[in-house]
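According to our numbering, the sequence shown is numbered sequentially starting from 15.
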Amino acid sequence: MKIYVVGGAIRDQLLGLPVKDLDYVVVGATPEQMLAKGYTPVGQDFPVFLHPVTHAEYALARTERKVSPGYKGFVFHADPEVTLEQDLARRDLTINAMAKEADANGQPIGDLIDPYGGQKDINNKLFRHIGPAFSEDPVRLLRIARFAARFSDFSIEPSTLTLLKEIHSSGELDALVKERVWQEVSRGLMSEKPSRMLEVLLEMGVFELFFPKLNPTNSSLLNDIDLAANHQLNLSQRCAVLLSSLSIEDINAWAALWGIPVECRDHAVLVRELQMGLQSATLEPRNLLNLLNRVDVWRKPERFDELVAVADLLRLPTKQLLNSYDRAKKVDITQIVQEVGEQGSSTGVKIKQLIEERRLLAIKGN
């Protein structure tokens, strides 16, 4: 029985990047042996076990065979006779198919095990598939696009790109579930150069499938989404930047299509409303207060700050809005509640009406 650290941890170590997650493969062991050593089984489709102390996941070496459409359409075979090379062969790219032995603390040590030339491809900054089975998993199309956003100076090897295009033409993408799509897209958006994900999807001929209504040749869109990454905006903010050219109807449709989180959808919708409001010809006090009410700045000031950061990145005129907020937030709500109470009418409607009137007067400078 031997334990190896495999995949992304080895790749990142060779690239000089921080190693965050360690993936382990166990060769030459049976489930019974793992149980005898105190490991806890958790895998449903194939044998995965939790370490008795660290609770890290350890997977038995396995092979796989495609039996039905989609990324779940595989049958796995785990056996003590499965070699490390066979296990690595089922991975997507050569740079993700390297390994090192794990020491007693689970850290990678010793010589690099690189049966498919991953280190050479790292040196050449190349995404290259391992074998023809690469095109059987439709998620890989999104994974490569996401990797391109993270390792933006890498290129896709021509034969690998051909296989990626075959995934599209084969109809395999029809079997994708929205949770997996969003998982990969969101990771791509949070990478250092999100525009590369969009460019690669366009190169594969699938951009419109994942981003209907968006214009992939819009250079300002590509520049803005990379600028959002440079400014380290959060995921909701980056979604708002990405979708800023769409109508509210199209934003809601895209959110429903891929099941994106409510916060991401709301940021995008509210930024679009700010765009329409701030670009209007008449920024009267009433319109400014309506905008502040619409983004619910009174209850969610932190979100307002995030929305303004996006608006500034999109070069929207936010100065009047911010000045209006600074004035309106000085209105003393406690005093208004006391006034209404002294009048013998403590209705919420009256309080709300007075707050609105005072805020409007404050914005007017009265």
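By construction, the Cβ of each residue, glycine as well, lies at the ideal position given by its N, Cα and C atoms.
It is roughly 44 angstroms from the alpha-carbon of residue 276 to the alpha-carbon of residue 43.
Judged by DSSP secondary structure, residue 41 falls within the beta strand (DSSP E) whose first and last residues are 37 to 41. Per DSSP, residue 53 has no beta-bridge partner at all.
It is roughly 13 angstroms from the alpha-carbon of residue 148 to the alpha-carbon of residue 184. For residue 130, no beta strand (DSSP E) encloses it, and the DSSP letter there is neither H nor E. Minimum Cα-Cα distance from residue 156 among the listed residues 362, 38, 131 and 225 corresponds to 225.
The beta carbon of residue 269 sits closer than 6 angstroms to those of 279, all from its chain and outside the five residues before and after it, given in chain order. Annotated three-state conformation of residue 91 is strand, per DSSP. Across the set 126, 121, 76 and 118, the C-alpha of 76 shows the shortest separation from the C-alpha of residue 103.
Residue 231 has its alpha-carbon roughly 21 angstroms from the corresponding atom of residue 324.
Sorting 248, 25 and 195 by C-alpha distance to the C-alpha of residue 122 places 25 at the top. When secondary structure is reduced to three states using DSSP, residue 20 falls in the strand class. DSSP, read as helix, strand or coil, puts residue 140 in strand. Under the Cβ criterion (8 angstroms, minimum of three pairs), the segment 132 to 151 counts as touching the segment 171 to 180. Rounded to the nearest angstrom, the gap between the Cα atoms of residue 56 and residue 141 is 32 angstroms.
Here residue 338 carries a helix assignment [DSSP, helix/strand/coil]. The Cβ neighbour count for residue 108, taken over all protein chains shown within 10 Å, is at least 16; the residue is labelled buried. In the structure shown, residue 170 adopts extended strand secondary structure according to DSSP, grouped into three states. Just measuring C-alpha positions, the residue of 180, 21 and 374 sitting nearest residue 298 is 374. At the C-beta level, residue 350 and residue 368 come within 8 angstroms of one another. Between residue 207 and residue 260, the beta carbon gap of about 22 angstroms keeps them out of contact (Cβ cut-off 8 angstroms).
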